[in-house]
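Heads up: the sequence shown begins at 1 in my numbering, then just goes up one per residue.
All C-beta atoms in this analysis are idealised placements derived from N, C-alpha and C, irrespective of residue type, glycine included.
Have a look at the structure below before the remarks.
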Amino acid sequence: MTTSRRRGSFLPTALLSALPLLAAGFLAASPAAADTARGSAATASRGIVAQAGDVTAAQRARTLGYWTPARRAAAVPLDGLRRVVGPGKRGVRGPLGLPSLRPEQRRPARADRTAVRRLADTTGSTWTRGGRVARTVGKVYLTMGGRDYLCSATVVHSRNHDTVLTAGHCAKDGAGPWAGNWTFIPGYADGDKPYGVYTARRLFVSSQWADNADDNYDVAAVALNTDEGRHVADVTGSHPITFRASREVVSHAFGYPADAPFDGSRLTYCSGRTETDSTEGSRDHSLRCRMTAGSSGGPWFAGFDAGTGEGTIMSVISYKYADDPVTQYGPYLGNVAKSIYESASRA
């Protein structure tokens with residue numbers, strides 16, 4: 001027996017109230033929306049699409065000044081966890097994460113599963129053990145379509161010591177707008193910014209994501225500006241990344257979930273054994289985890305050492321299905337993801 005499914009959502013009330021406006025299109029550009037487009041036009045190379053972020057000191061200062069305490073507090077989670085529209089259809093992304101209703105774009109069914117999965121921690125617990133992960137995973141603030149949002153990201157080994165990995169939808173809304181005012185705060189905890197604040201210099205996604213919002217490619221890499229001359233990896237440390245990782249391994253996922261029952265104030269994690277999404281056309285990993293919106297872009301680690309907080313990044317938090325709120329999914333990182341990462345590492 002199979003059931004058709006549409007990707008589910010934890011869209012917050014503030015965003016749901018704005019749906020009529022989003023459907024009709026924005027009538028006027030706000031200063032925040034203008035920030036989204038202030039970089040140079042996107043460029044493409046080898047199937048990788050890039051967008052300039054803050055490339056001058058004035059732009060960096062403007063972004064840092066934009067994120068006042070009030071704006072940070074008002075930002076809402078941006079996630080690929082969308083609400084069901086109609087009975088049991090899995091859809092592709094629409095503008096600002098809204099599901100498309102076009103039947104020709106609905107993805108095939110996913111087989112039912114009845115097997116019980118025994119995992120170490122599926123509830124989403126506050127990480128209290130410190131270590132490298134408490135420095136390298138951080139909270140992301142961004143503006144997209146004139147609204148302010150939250151995501152998560154992680155510092156990854158790179159040639160430039162400036163690169164973080166996140167979800168594709170935390171950098172670009174599929175074929176929709178790029179994110180602006182993109183700002184990363186590593187080690188964020190209860191409003192503290194112990195390792196500095198870093199704005200985006202250049203953002204990278206695949207053409208599969210930029211053109212079609214293909215969930216298999218929901219990954220992005222962002223090259224950051226320095227903070228007072230300091231490269232982020234020199235301050236926080238960083239993690240290695242693996243491509244074409246083994247499936248069905250023990251993994252730890254981290255992020256800053258901000259929808260109830262979480263509030264986005266502390267680093268949170270889940271752990272357990274990954275599986276493979278059985279939906280036709282999907283290559284994604286799955287992991288039992290109740291973390292909510294805001295955790296998107298956070299890392300999945302293989303070989304994680306809870307004592308040191310070190311591990312190898314194997315995926316990022318991407319989405320959930322509407323009829324299964326306890327399982328999250330992350331893209332399988334293959335050659336395309338490697339090209340995204342290498343492009344950012346060289347930027």
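- Task: Return the chain-ordered ranges of every beta strand (DSSP E) run that is complete within the segment 248–296 and spans a minimum of 3 residues.
- Result: Those beta strand (DSSP E) runs which fall completely within the segment 248–296 and span 3+ residues are 250–255, 268–273 and 285–288.
- For G255 versus L150, is the C-beta spacing smaller than 7 Å? Going by C-beta atoms, G255 is not nearer than 7 Å to L150.
- Query: Taking the continuous beta strand (DSSP E) assigned at Y149, which residues delimit it?
  - Reply: Taken as a continuous stretch (DSSP letters only), the beta strand (DSSP E) holding Y149 covers R147 to V155.
- Message: Is it the case that the segment 125–132 contacts the segment 190–209, given that we only count it when at least three CB pairs across the two stretches are under 8 Å?
- Response: Contact between the segment 190–209 and the segment 125–132 is not established, with fewer than three Cβ pairs separated by less than 8 Å.
- Task: Give the single residue among R62, E275 and Y269 whose Cα lies nearest to the Cα of M291.
- Result: That would be Y269, whose Cα lies nearest to the Cα of M291.
- Query: Rounded to a whole number of angstroms, what is the C-alpha to C-alpha distance between F243 and D218?
  - Reply: Taking the straight line joining both Cα atoms gives about 14 Å.
- Task: Would you mind giving the Cβ-Cβ distance between F304 and G311, rounded to the nearest angstrom? I have them listed as a contact below 8 Å.
- Result: About 3 Å separates the two Cβ atoms, so the contact holds.
- Message: In whole angstroms, give me the CA-to-CA distance for T56 and A75.
- Response: Taken atom to atom, the span from the alpha-carbon of T56 to that of A75 is near 25 Å.
- Query: Looking at C-alpha atoms only, which residue of T226, G237, D259 and A245 is the closest neighbour of R283?
  - Reply: The residue with the shortest Cα to Cα distance from R283 is A245.
- Message: On the criterion of 16 or more Cβ atoms from any shown chain inside 10 Å, does R346 qualify as buried, or is it exposed?
- Response: That one is exposed.
- Ends of the alpha helix (DSSP H) at N212? Annotation: the continuous alpha helix (DSSP H) that includes N212 extends over S207 to N212.
- Tell me where the beta strand (DSSP E) around I48 begins and ends. Segment I48 to A52, the beta strand (DSSP E) holding I48.
- Task: Report, in whole angstroms, the separation of the C-beta atoms of S296 and I317, which I expect to be a contact under 8 Å.
- Result: The Cβ separation is near 5 Å, so the contact holds.
- Query: Which class does H169 belong to by DSSP, given the choice of helix, strand or coil?
  - Reply: The answer is helix: DSSP assigns H169 an H, G or I state.
- Query: Between which two residues does the alpha helix (DSSP H) harbouring I340 extend?
  - Reply: Counting along the chain, the alpha helix (DSSP H) containing I340 begins and ends at N335 to R346.
- Query: Touch check for the segment 47–66 and the segment 159–168: three-plus C-beta pairs under 8 Å?
  - Reply: Touching, no, given that fewer than three Cβ pairs across the two stretches are closer than 8 Å.
- Integer-rounded CB distance, given that R135 should sit under 8 Å from G237: Going by Cβ atoms, the distance from G237 to R135 rounds to 6 Å, so yes, they are a contact pair.
- As assigned by DSSP and simplified to three states, the class of G311: If DSSP states are grouped into helix, strand and coil, G311 belongs with the strands.
- Among W67, W300 and G176, the one whose alpha carbon lies nearest that of Y141: Comparing alpha carbon positions, the residue from W67, W300 and G176 closest to Y141 is W67.
- Contact check, W300 vs G330, beta carbons under 7 Å: W300 places its beta carbon less than 7 Å from that of G330.
- Whose C-beta lies closer than 8 Å to the C-beta of Q208 among residues of the same chain, with five residues either side of it excluded? G47, D214, N216, Y217 and V336.
- Cβ atoms of L267 and V156: under 7 Å apart, would you say? In this structure, L267 does not lie closer than 7 Å to V156 by Cβ.
- Item | T308 burial status per 10 Å Cβ neighbour count (16 or more: buried) | Exposed: under 16 other Cβ atoms inside 10 Å.
- With a Cβ-Cβ cutoff of 7 Å, do R201 and L165 count as a contact? No. Outside cutoff.
- Item | Minimum C-alpha distance to H231 - residue among F184, Y332 and G65 | That would be F184, whose Cα lies nearest to the Cα of H231.
- With R288 and V249 assumed to form a contact (beta carbons below 8 Å), what rounded beta-carbon distance in angstroms separates them? 14 Å between Cβ atoms; not a contact.
- Applying the criterion that 16 or more other CB atoms from any shown protein chain within 10 Å of the CB defines a buried residue, is A323 buried or exposed? Per the sequence shown, residue 323 should be read as Asp rather than Ala. Counting the other CB atoms within 10 Å of its CB gives D323 a total below 16, which places it among the exposed residues.
- Item | Rounded straight-line distance, which links the Cα of A58 to that of T274 | If you take the alpha carbons of T274 and A58, they lie about 44 Å apart.
- Item | Closest by C-alpha distance to P177, when choosing among G281, K193 and D211 | Taking each of G281, K193 and D211 in turn and checking the Cα distance to P177, the smallest one comes out for D211.
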